[in-house]
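Peer 1: Using the working numbering, you'd call the opening residue of the sequence shown number 462 and step up by one each time. Here a beta-carbon is modelled for each residue, glycine too, at the ideal position from N, C-alpha and C. Computed from a predicted structure; not experimentally measured. Before I ask anything, here is the structure I am working with.
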Amino acid sequence: MPTAPPCSRVLRLLGAVDRGDRTEIKALLAALEAADKSLLDAAHEIGWRLIAFVAAMTAAAALSD
């Protein structure tokens, strides 16, 4: 199975946090820690802005529950 890109892992991490799935959270954090950081350059800025927006919306939704 191919490795998911870091932005996909971050979105999955947000979902796991929202569900309270500690096992998946730990696995995704470990995968992100081991990810190739050279992939995180300016060419991916739009994706990271989207992730920041989704993170903010997820946090706001969690607070309103």
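Identify, in the order they occur along the chain, each residue of the same chain with its Cβ nearer than 7 Å to the Cβ of Asp479, setting aside the five sequence neighbours on each side.
Peer 2: Within the sequence shown, residue 479 is the residue found at index 18, counting from 1. Only Thr519 and Ala523 meet the Cβ criterion.
Peer 1: Rounded to whole angstroms, what is the Cα-Cα separation between Leu475 and Ala516?
Peer 2: As a working mapping, residue 475 is identified with position 14 in the sequence shown. As a working mapping, residue 516 is identified with position 55 in the sequence shown. Using only the alpha carbons, I get a separation of about 7 Å.
Peer 1: By how many angstroms is the C-alpha of Pro466 removed from the C-alpha of Glu506?
Peer 2: For the purposes of this step, residue 506 is taken as residue 45 along the sequence shown, with counting starting at 1. For the purposes of this step, residue 466 is taken as residue 5 along the sequence shown, with counting starting at 1. Going from the Cα of Glu506 to the Cα of Pro466 covers about 14 Å.
Peer 1: In terms of alpha-carbon separation, which member of Ala521, Phe514 and Arg470 lies closest to Ala491?
Peer 2: Within the sequence shown, residue 491 is the residue found at index 30, counting from 1. Ranking the options by Cα distance to Ala491, first place goes to Arg470.
Peer 1: Which whole-angstrom value is the C-beta distance of Ala495 and Glu485, which I expect to be below 8 Å?
Peer 2: Against the sequence shown, residue 495 aligns to sequence position 34. Against the sequence shown, residue 485 aligns to sequence position 24. Going by Cβ atoms, the distance from Ala495 to Glu485 rounds to 16 Å, so no, they are not a contact pair.
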